[in-house]
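Notes follow once the structure below has been shown.
Protein chains in written order, with the working numbering: chain A, 1 to 65; chain B, 1 to 151.
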């Protein structure tokens, strides 16, 4: 499932995928794959992304059923 | 000097998957190479000894590495003694048939000896490994349950 919340949060922070990738220490492709819903990041990477975007895990990675 | 290269978890995981697949291919090729040299070319043992010992080494490495981590590769489904014996018998029959077919040795005495030794070794070794893994898992559980281990 696509992670639109993460993409919106990244755009709100005026960051492109490359900027976010550098901030959390991964490649741009990994950020692209997470946003496209094709890669499940580890909890460590989720936390790093949340910190870089100033959000919580709930904000970016929790899906309401 | 600090290593500034990106340690992307996805890339690390993908590389491990690729290496793991490569390892499986090498082991399979080694096995085929040994079977071809032993049964089809009828080569002397010295010719394929290196492949043989590498294959045995791979097996020993896997066994020890899984044991050290407490991973049960010998009885992951918690089968009972009967099921384990049944598996040993089926494996023994399959192994004897394959051996007879590949070697052309159909002497009953030889095949019975092969079958009995195979089943006995397979069954006993598996039981020993299940017991050792169980002991290791209990030791790991004890360590994890120890409140003093988490500071």
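Built from N, CA and C at the ideal position, the CB exists for glycine as well.
The structure displayed is predicted, hence computed values, not measured ones.
Please confirm whether residue i has its beta-carbon closer than 8 angstroms to some beta-carbon of chain A.
i	result
residue 15 of chain B	no
residue 143 of chain B	no
residue 18 of chain B	no
residue 161 of chain B	Lying before the first or after the last residue shown, residue 161 of chain B is absent from chain B, which here runs from 1 to 151.
residue 8 of chain B	yes
Residue i and residue j look like a contact to me (Cβ under 8 angstroms); what is the Cβ gap, rounded to whole Å?
i	j	result
residue 133 of chain B	residue 72 of chain B	5 angstroms
residue 60 of chain A	residue 6 of chain A	5 angstroms
residue 118 of chain B	residue 95 of chain B	5 angstroms
residue 4 of chain A	residue 36 of chain A	Wrong, their Cβ atoms sit about 10 angstroms apart, outside the cutoff.
residue 53 of chain A	residue 21 of chain A	About 12 angstroms separates the two Cβ atoms, so there is no contact after all.
Quick check: what's the CA-CA separation for residue i versus residue j?
i	j	result
residue 24 of chain A	residue 89 of chain B	54 angstroms
residue 58 of chain A	residue 45 of chain A	14 angstroms
residue 42 of chain B	residue 115 of chain B	22 angstroms
residue 127 of chain B	residue 141 of chain B	21 angstroms
residue 52 of chain B	residue 29 of chain A	42 angstroms
Answer with yes or no whether the minimum CB distance from residue i to chain B is below 8 angstroms.
i	result
residue 47 of chain A	no
residue 27 of chain A	yes
residue 33 of chain A	yes
Go ahead and label residue i buried or exposed: buried means 16 or more other beta carbons lie within 10 angstroms of its beta carbon, across all protein chains shown.
i	result
residue 26 of chain A	buried
residue 42 of chain A	exposed
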